[in-house]
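Numbering (this note's numbering), first residue to last: 1431 to 1691.
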């Protein structure tokens, strides 16, 4: 019996650059809650952003945030990574000195930025609807570093990903899961590790879990679920690693909910 549904957001539930869940998905969330099935949003997005996406269901969901850097269940952080401060500052200096790149320093409740271009602030505020704190000196923030991201203006994300990977790939796990963003995560941290912590806390097993994803950073998450689904636009390696392929997450969940007990 399935007791938990875990899904990536961008590229999986949020297709074609969408920034809001569909009305259809909200109806599905209501049905999942009535069946006492835990929905887990598993994303590179920040906690505040994910709660905003889920709206009226935000208090009834679990969260794997910042590509697994921390997880939240019933309002409590159940696991959290932290980054060596000196390494984090060296990385931020490199991002800051790279033309066309902006820093986003993730904390638990907010993301710290020291913007070069006002368009970056507008994008975070009005498009992504992130919770941000602008600072005059990002190197002076006191909160432990959870994740550092580079926002890349224009269409140079792939080029900069390779450049940063060559320099930082032995120090951080790098992920680029949507246009313009490169995430730098402490080594050994991923969605699957956070998922394992959530499963241990809830007592939900792999056999009781269904998961959805589309990109490389979803591989460990999908491995935690007996019923793993790649959307049909997923990377070939993700499709190969999944038990099923689907067009829309909503299609699978509605079929699941409509099936006889």
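All residues carry an ideal CB built from backbone N, CA and C; glycine is no exception.
Those residues which DSSP pairs with residue i across a bridge
| i | result |
| --- | --- |
| residue 1602 | According to DSSP, which records beta bridges pairwise, residue 1602 is partnered with nothing at all. |
| residue 1494 | 1472, 1501 |
| residue 1555 | Note: residue 1555 sits in no beta bridge, so no partner. |
| residue 1411 | With the chain covering only 1431 through 1691, there is no way to say anything about residue 1411. |
| residue 1536 | 1541, 1577 |
| residue 1648 | Beta-bridge pairing links residue 1648 to no other residue. |
| residue 1694 | With the chain covering only 1431 through 1691, there is no way to say anything about residue 1694. |
| residue 1569 | For residue 1569, which the question treats as bridged, DSSP gives no partner whatsoever. |
| residue 1564 | 1543 |
| residue 1457 | In DSSP, residue 1457 forms no bridge with anything. |
| residue 1595 | Paired residue(s): none; residue 1595 is not in a bridge. |
| residue 1612 | 1580 |
| residue 1510 | 1500 |
| residue 1437 | 1471, 1642 |
Residue i to residue j span [Cα, whole Å]
| i | j | result |
| --- | --- | --- |
| residue 1651 | residue 1439 | 13 Å |
| residue 1471 | residue 1491 | 7 Å |
| residue 1604 | residue 1649 | 14 Å |
| residue 1653 | residue 1547 | 40 Å |
| residue 1535 | residue 1677 | 34 Å |
| residue 1443 | residue 1679 | 6 Å |
| residue 1493 | residue 1467 | 14 Å |
| residue 1563 | residue 1445 | 28 Å |
| residue 1521 | residue 1511 | 17 Å |
| residue 1437 | residue 1525 | 30 Å |
| residue 1643 | residue 1441 | 8 Å |
| residue 1538 | residue 1683 | 30 Å |
| residue 1527 | residue 1690 | 58 Å |
| residue 1505 | residue 1451 | 21 Å |
Within 8 Å, strictly: CB atoms of residue i and residue j
| i | j | result |
| --- | --- | --- |
| residue 1636 | residue 1656 | yes |
| residue 1576 | residue 1478 | no |
| residue 1435 | residue 1629 | no |
| residue 1541 | residue 1476 | yes |
| residue 1503 | residue 1631 | yes |
| residue 1658 | residue 1611 | no |
| residue 1671 | residue 1509 | no |
| residue 1464 | residue 1634 | no |
| residue 1431 | residue 1573 | no |
Proximity winner among the options, relative to residue i (alpha-carbon distances)
| i | options | result |
| --- | --- | --- |
| residue 1688 | 1474, 1599, 1457, 1674 | 1457 |
| residue 1599 | 1608, 1614, 1557 | 1614 |
| residue 1533 | 1501, 1502, 1568 | 1568 |
| residue 1543 | 1499, 1571, 1595 | 1571 |
| residue 1453 | 1467, 1667, 1485 | 1485 |
| residue 1488 | 1459, 1509, 1516, 1508 | 1459 |
| residue 1497 | 1659, 1667, 1516, 1647 | 1647 |
| residue 1531 | 1513, 1596, 1518, 1550 | 1550 |
| residue 1645 | 1624, 1461, 1495, 1669 | 1669 |
| residue 1681 | 1661, 1523, 1690, 1602 | 1661 |
| residue 1581 | 1573, 1552, 1596 | 1552 |
| residue 1518 | 1483, 1469, 1617, 1507 | 1617 |
| residue 1620 | 1462, 1469, 1474 | 1474 |
| residue 1501 | 1481, 1672, 1523 | 1481 |
| residue 1566 | 1513, 1626, 1528, 1545 | 1545 |
| residue 1685 | 1529, 1462, 1441 | 1462 |
| residue 1623 | 1495, 1606, 1591, 1513 | 1495 |
| residue 1601 | 1690, 1513, 1455 | 1513 |
Minimum Cβ-Cβ distance from residue i to chain B less than 8 Å
| i | result |
| --- | --- |
| residue 1659 | No chain B is present in this structure, which holds just one protein chain. |
### Query
At a cut of 8 Å, does the region 1586 to 1597 reach the region 1547 to 1567 through at least three beta carbon pairs?
no
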